[in-house]
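What follows is one structure encoded as structure tokens, with my remarks underneath.
Numbering (the numbering used here), first residue to last: 2 to 307.
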């Protein structure tokens, strides 16, 4: 349940991640989790949704079990948050693009996105970086902190398990179309509220753009294949004064995504403002979490006073 302690812990975890970055331990806990779930996949895999549900249940159960063993919501939420590493990955691709090193950008882009970089030009790669910053600000900052605030260490790590499994098996291809369905749909549910809270934080960061952001989200986001990605990508596009969306290639599959926003196409020069916006969104969310206990106390005092 939401408690003052969990709220403060989640806010602190965002701050720790921003200062420290990834935990200085090897192997990384998420790497261990990924290896474990790969082994489970080899045992459980069938081309069916039922098998996918079983795989998901093992993953969520693992997250809850580890969260139960971890005594600190701050520590668990910190493990689940990856805002600084997201920014560092974006900065690496940005530097290569600005230096004209397209091969270097193509080598490093897969750390951010699942699409095939081989046929992308400079502006396509810039768009991919910004779209990843937008969507992963939800996945790597807003959502894990929210679920840590709501359900403590178990909530933060169960969410990270769901999101990791979506990245591993939630794909539209011959192997995972059915097996990955449960992980993909559960990830959509787990991120539904965080994506909209993140869009609210974008508005808080750019209050003069509130009306056009809201109008564009209502107009453009429903046409996006993701119920959550369209919301936050549209908010970022309008706040940055650019246009996102368009064709994206994933292996042999080409996904024609709708245009989000109405500005000019993204360029490498837009990555730095997008990184700043992602940072601001995370800090605003941390401030909201940190301030909520005081609001809760005042609300309780008001009710008792009546």
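The C-beta atom is built at its ideal place from N, Cα and C for all residues, glycine as well. Keep in mind that this is a model prediction, so the values were computed, not measured.
Would you kindly work out how many angstroms separate the C-alpha atoms of residue i and residue j, rounded to a whole number?
i           : j           : result
residue 143 : residue 292 : 15 Å
residue 68  : residue 155 : 4 Å
residue 23  : residue 32  : 12 Å
residue 241 : residue 259 : 18 Å
residue 231 : residue 149 : 24 Å
residue 80  : residue 118 : 29 Å
residue 73  : residue 112 : 29 Å
residue 99  : residue 123 : 9 Å
residue 21  : residue 36  : 25 Å
residue 128 : residue 206 : 21 Å
residue 287 : residue 70  : 25 Å
residue 227 : residue 110 : 21 Å
residue 200 : residue 221 : 14 Å
residue 62  : residue 54  : 12 Å
residue 269 : residue 224 : 26 Å
residue 276 : residue 208 : 18 Å
residue 91  : residue 126 : 11 Å
residue 274 : residue 217 : 19 Å
residue 50  : residue 186 : 11 Å
Who are the Cβ neighbours of residue i in its own chain at under 7 Å, not counting the five residues just before and after it?
i           : result
residue 265 : 243 and 244
residue 211 : 204
residue 229 : 139, 189, 192, 193 and 196
Quick one: what's got a C-beta closer than 8 Å to residue i's C-beta in the same chain, skipping five residues either side?
i           : result
residue 56  : 38, 41, 42, 45, 46, 166, 170, 180, 183 and 184
residue 84  : 15, 18, 19, 138, 141, 142, 279, 280 and 283
residue 248 : 255, 256, 257 and 258
From which residue to which residue does the alpha helix (DSSP H) around residue i run?
i           : result
residue 222 : Note, residue 222: premise wrong, no alpha helix (DSSP H); not H, not E.
residue 61  : 50-70
residue 130 : 123-138
residue 107 : 103-109
residue 44  : 30-45
residue 84  : 84-99
residue 26  : From DSSP, residue 26 is part of no alpha helix (DSSP H); its letter is neither H nor E.
Would you please state the rounded distance, in angstroms, between the beta carbons of residue i and residue j? I believe it to be under 8 Å.
i           : j           : result
residue 236 : residue 214 : 5 Å
residue 94  : residue 106 : 5 Å
residue 82  : residue 162 : Between residue 162 and residue 82 the Cβ distance is about 14 Å, and since that is not below 8 Å, they are no contact.
residue 261 : residue 234 : 5 Å
residue 158 : residue 246 : The Cβ separation is near 33 Å, so there is no contact.
Suppose the cutoff is 6 Å on Cβ atoms and the five residues either side in sequence are ignored; what does the same chain contact list for residue i look like?
i          : result
residue 75 : 10, 13 and 14
residue 87 : 137 and 141
**Request:** Output the residue ranges of the alpha helix (DSSP H) runs that lie fully inside the region 168-230 and measure 4 residues or longer, sorted by chain position.
**Result:** Segments of the alpha helix (DSSP H) lying fully in the region 168-230: 177-180, 182-206 and 211-221.
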